[in-house]
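Undergrad: Here my numbering is used: the first residue of the sequence shown is 5, the next is one more, and so on.
We put the CB at the ideal spot given by N, CA and C, even for glycine.
One structure is given below, represented as structure tokens, and several questions about it will come after.
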Amino acid sequence: MTPKFSNMAIFIGLALTGGWGCATEPNLTDIQKQVQTLIIQQEASHKQEQQILDRMETVESQLDEHDFLVGELIKTEEEASLDTRHLLEKLERTSTLLREQIEQTRSTTQRRDQDMSIRVKALESRIDNVIHQPRSVSESPEVTTPNPTGPSSDPKATQTGIPASPTSPKGSAGAENEASAFRSAYKVYLNGNYERASVEFQRFVTNYPSTTLTPQAYYYLGESFYVQKQYDPAKQALEQVISRYPSSKYRSHALYKLGQIMLEIDQRSKAQELWNSIIQDYPDSPESTQAKEQLKKSGLS
5 MTPKFSNMAI
15 FIGLALTGGW
25 GCATEPNLTD
35 IQKQVQTLII
45 QQEASHKQEQ
55 QILDRMETVE
65 SQLDEHDFLV
75 GELIKTEEEA
85 SLDTRHLLEK
95 LERTSTLLRE
105 QIEQTRSTTQ
115 RRDQDMSIRV
125 KALESRIDNV
135 IHQPRSVSES
145 PEVTTPNPTG
155 PSSDPKATQT
165 GIPASPTSPK
175 GSAGAENEAS
185 AFRSAYKVYL
195 NGNYERASVE
205 FQRFVTNYPS
215 TTLTPQAYYY
225 LGESFYVQKQ
235 YDPAKQALEQ
245 VISRYPSSKY
255 RSHALYKLGQ
265 IMLEIDQRSK
275 AQELWNSIIQ
285 DYPDSPESTQ
295 AKEQLKKSGL
305 S
């Protein structure tokens with residue numbers, strides 16, 4: 005029994021038993037009214053306390069729910085942070101892939117531009133062949149007839165298959181048109197079949213040693229060997245362009261590629277010499293810009 009109820013019980017007991025002595029009837033009635041009033045107030049107080057307890061339980065429940073929601077929010081933030089990191093990594097990979105695709109597209113475009121240039125030159129050569137009759141073997145001072153049974157006069161040519169000097173083209177009956185032969189070899193090169201391309205370009209420079217397409221054929225012959233890491237025959241083919249065709253635009257290409265070969269076989273001073281010669285002789289060419297970048301990148305500048 006609570007203190008309030010205990011005091012009230014005592015108060016009622018005294019009032020009913022006449023504990024106050026000579027209490028009159030009217031006084032007893034007043035006391036009973038007061039007791040009833042106190043009981044009502046006590047019940048109201050009890051009800052208010054119960055309401056307070058209920059509200060406290062509600063608040064505690066809300067606090068628990070709040071704590072749960074805070075925990076869920078923290079968990080969601082951690083998951084979002086992890087998802088963001090994964091997204092950034094994915095974006096970085098996608099960016100790298102896109103850069104590679106751009107480089108491949110640029111390379112493909114450059115090759116197509118070169119192919120168009122080759123086709124134009126081939127058409128010009130064909131027109132020139134129609135307008136001007138080709139010189140016979142006996143009229144050409146540069147053409148010599150090789151001995152089919154005797155050994156080659158140049159041991160390097162025997163080893164690599166690259167002719168050291170111009171040889172006469174095959175007879176006109178059944179011979180390939182030079183432009184068609186070049187396009188065929190170049191198409192193989194563009195398709196990435198460098199082993200076959202080297203064979204095709206070797207055949208071209210052997211059959212057509214003195215045409216406008218010959219220096220270009222020597223350059224792509226060197227390129228085909230270079231991709232296969234056959235540096236000696238690649239070097240010999242590129243040196244043909246440099247020494248025999250000084251006015252060809254492919255001379256700067258050959259100098260740059262030969263510099264790359266020299267760098268890869270650890271002849272750094274020779275690579276530096278070749279790239280510096282491009283910068284000096286062809287200052288406005290794309291190869292000059294590439295040569296400067298290679299000198300800086302290789303620590304040779």
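One question on the structure: do V245 and Y254 come within less than 7 Å of each other, judged by their Cβ atoms?
TA: yes
Undergrad: Classify K253 as helix, strand or coil using the three-state DSSP reduction.
TA: coil
Undergrad: Taking Cβ positions, are E204 and A183 nearer each other than 7 Å?
TA: no
Undergrad: Inspect the beta-carbon positions of V231 and Y260 and report whether they are closer than 7 Å.
TA: no
Undergrad: According to DSSP, is L91 part of a helix, a strand, or is it coil?
TA: Note: L91 maps to helix in three-state DSSP.
Undergrad: Which residues bound the alpha helix (DSSP H) around Y222?
TA: For Y222, the enclosing alpha helix (DSSP H) starts and ends at T218 to V231.
Undergrad: I need the boundaries of the alpha helix (DSSP H) containing D285, first residue and last residue.
TA: Element bounds for D285: R272 to D285.
Undergrad: Please report the residue range of the alpha helix (DSSP H) in which N181 lies.
TA: It is not in any alpha helix (DSSP H) - N181 carries neither H nor E in the DSSP assignment.
Undergrad: How big is the Cα-Cα spacing for S202 and T210?
TA: 12 Å
Undergrad: Would you say Y224 and Y193 are within 7 Å of each other, going by their C-beta atoms?
TA: yes
Undergrad: My understanding is that Q284 touches L299, with C-beta atoms under 8 Å, so please give their C-beta distance in whole angstroms.
TA: Not confirmed; about 12 Å, so no contact.
Undergrad: Just verifying my parser: in three-state terms, what is the DSSP assignment at I269?
TA: coil
Undergrad: What is the DSSP secondary structure of Y190, counted as helix, strand or coil?
TA: helix
Undergrad: Roughly how many angstroms separate the alpha carbons of R103 and E96, rounded to a whole number?
TA: 11 Å
Undergrad: In the DSSP assignment, find the unbroken alpha helix (DSSP H) run with Y212 in it and report its ends.
TA: Careful: Y212 lies outside any alpha helix (DSSP H) and carries neither H nor E.
Undergrad: In chain order, which alpha helix (DSSP H) runs of at least 4 residues are fully inside the segment 38 to 93?
TA: none
Undergrad: Are F229 and A221 touching if we call contact CB-CB under 7 Å?
TA: no
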